[in-house]
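Student: Start counting the sequence shown at 211; every next residue gets the next number (the working numbering).
Ideal Cβ positions, reconstructed from N, Cα and C, are used throughout, including at glycine.
All values derive from a computational prediction rather than experimental measurement.
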Amino acid sequence: MSCRRLISAFFILLTSLPLQAVEQESLANIMTTTSIDGVPVEIRRAGDGVYPLIIFSHGMGGCPSGVDGIQSQLANAGYIVVAPKHADCIERLTTPDVSWRKPREWTGQTNSDRRDDIHKILDALSSTDFAKHIKSFDQVGCLGHSMGGYSCMGLAGAWESWKRDEVIAIALLSPWHKPYADQKQIKRIANVRTLYQGGSKDRPITPDLAKSNGAYDQTPSPKYLQIFKRARHSSWTDRPLSVRFHEEMTYYIESFFDVALKGEPEGKLEVKKALVTELRFEH
211 MSCRRLISAF
221 FILLTSLPLQ
231 AVEQESLANI
241 MTTTSIDGVP
251 VEIRRAGDGV
261 YPLIIFSHGM
271 GGCPSGVDGI
281 QSQLANAGYI
291 VVAPKHADCI
301 ERLTTPDVSW
311 RKPREWTGQT
321 NSDRRDDIHK
331 ILDALSSTDF
341 AKHIKSFDQV
351 GCLGHSMGGY
361 SCMGLAGAWE
371 SWKRDEVIAI
381 ALLSPWHKPY
391 ADQKQIKRIA
401 NVRTLYQGGS
411 KDRPITPDLA
421 KSNGAYDQTP
431 SPKYLQIFKR
441 ARHSSWTDRP
451 LSVRFHEEMT
461 YYIESFFDVA
471 LKGEPEGKLE
481 VKKALVTELR
491 FEH
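#1: How is the beta strand (DSSP E) around phenylalanine 491 delimited, first residue to last?
#2: Can you give me the C-alpha to C-alpha distance between tyrosine 406 and alanine 420, rounded to a whole angstrom?
#3: Looking at C-alpha atoms only, which residue of Gly354, Lys433, Thr447, Ala238 is the closest neighbour of glycine 257?
#4: Would you say the stretch 266 to 277 touches the stretch 296 to 304, given that touching needs at least three Cβ pairs under 8 Å?
#5: Can you tell me the Cα-Cα spacing of proline 385 and threonine 244, whole angstroms?
#6: Just verifying my parser: in three-state terms, what is the DSSP assignment at alanine 400?
#7: Do the stretch 341 to 356 and the stretch 375 to 391 touch if we need at least three Cβ pairs shorter than 8 Å?
#8: What is the DSSP secondary structure of glutamine 283, counted as helix, strand or coil?
#9: Write down the C-beta distance between serine 356 and isoleucine 328 rounded to the nearest angstrom, noting that I regard them as a contact closer than 8 Å.
#10: In terms of residues, what are the limits of the alpha helix (DSSP H) holding lysine 472?
#11: Is arginine 413 helix, strand or coil by DSSP?
#12: Which ranges would you report for the alpha helix (DSSP H) in the stretch 311 to 385 if only whole runs of at least 4 residues count?
#13: Just to confirm the assignment, what range does the alpha helix (DSSP H) spanning valine 388 have?
#14: Tell me the residue span of the alpha helix (DSSP H) that contains tyrosine 426.
#15: Since alanine 293 is in the beta strand (DSSP E), which residue starts that stretch and which ends it?
#16: Ordered along the chain, which non-local residues of its own chain (more than five positions away) have a Cβ less than 6 Å from that of isoleucine 415?
#17: Apply the 10 Å Cβ neighbour rule to asparagine 423 and answer buried if 16 or more other Cβ atoms are within range, or exposed otherwise.
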């Protein structure tokens, strides 16, 4: 094999490896794979303490393990992160129930399996062995990447049939928001703090987050937005070229949940980090 082909093959192998194989970091001490009411989940926590609860919803066709870095850093920061493996993870589906190109045709029934997964988990968690590690079942955060952002927005009330009153904070990482924005459903989100993150190279999603009367403008306060220089749609995942963004991304995600779930001051969310090209907030 030529040197060029060898390097190319190595790069392909490297990009297919999980973060743990390419970069050693301090990750969550305890990661459990189990099932809750028939829903397969990954649960990350730093130890045997008691922590605020965050539900993580992965992107379409992805899996929780593909965003291990950010979840584990949240666990290390004092949270228990419960991540369902939605059907599209298990079956490796990348096509939603309704075309991406037809957001006005999406309804509360579109990919409602995601709603059902999270509802089952929230209903059953208090009866599991993990309940002793959860600080409150009445104040829960939701973290979602891409299609996972669609899930969290639905849980916050953007689809009435998805709403869970205990979800009081949603952090949306390049979220698939267009069905809600185009149908003016975002205004239905109430009594919830919302954080959006986007990237300057995230052309499918970020421009519609930040534009006039876009998703951010339609969202009730308190709300926050950070756009990261040169970040793409995959920059929240554990791909080797993405992890350079994670320190600053998790700074804001942790600070956001610290405010919402731990009652800490909001000042950290007003700090503009080096990789942030646009910072907005309304407390």
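Tutor: For this structure:
#1: Its beta strand (DSSP E) spans residues 486 to 492.
#2: If I take the Cα positions, the gap works out to 9 Å.
#3: For the options Gly354, Lys433, Thr447, Ala238, the alpha carbon positioned closest to that of glycine 257 is the one of Ala238.
#4: Contact between the stretch 266 to 277 and the stretch 296 to 304 is present, because at least three Cβ pairs lie under 8 Å.
#5: Whole-angstrom Cα-Cα distance: 26 Å.
#6: Looking at alanine 400 - three-state DSSP - the assignment turns out to be coil, as it is neither helix nor strand.
#7: Touching, yes, given that three or more Cβ pairs across the two stretches are closer than 8 Å.
#8: Of the three classes helix, strand and coil, the one that applies to glutamine 283 here is helix, per DSSP.
#9: Not really, about 16 Å apart at Cβ, beyond 8 Å.
#10: Counting along the chain, the alpha helix (DSSP H) containing lysine 472 begins and ends at 456 to 472.
#11: Coil, per DSSP.
#12: Look at the stretch 311 to 385 and you find these whole runs of alpha helix (DSSP H), each 4 residues long or longer: 322 to 334, 357 to 363.
#13: In the sequence under discussion, the amino acid at residue 388 is lysine, which differs from the valine named in the question. Lysine 388: member of the alpha helix (DSSP H) spanning 388 to 392, first to last residue.
#14: Tyrosine 426 -> alpha helix (DSSP H) spans 425 to 428.
#15: Where alanine 293 is concerned, the enclosing beta strand (DSSP E) stretches over 290 to 294.
#16: Short of 6 Å from the beta carbon of isoleucine 415, and not among the five residues preceding or following it, lie these beta carbons of its own chain, in chain order: Ser384.
#17: By the Cβ neighbour-count rule, asparagine 423 is exposed, with fewer than 16 other Cβ atoms within 10 Å of its own.
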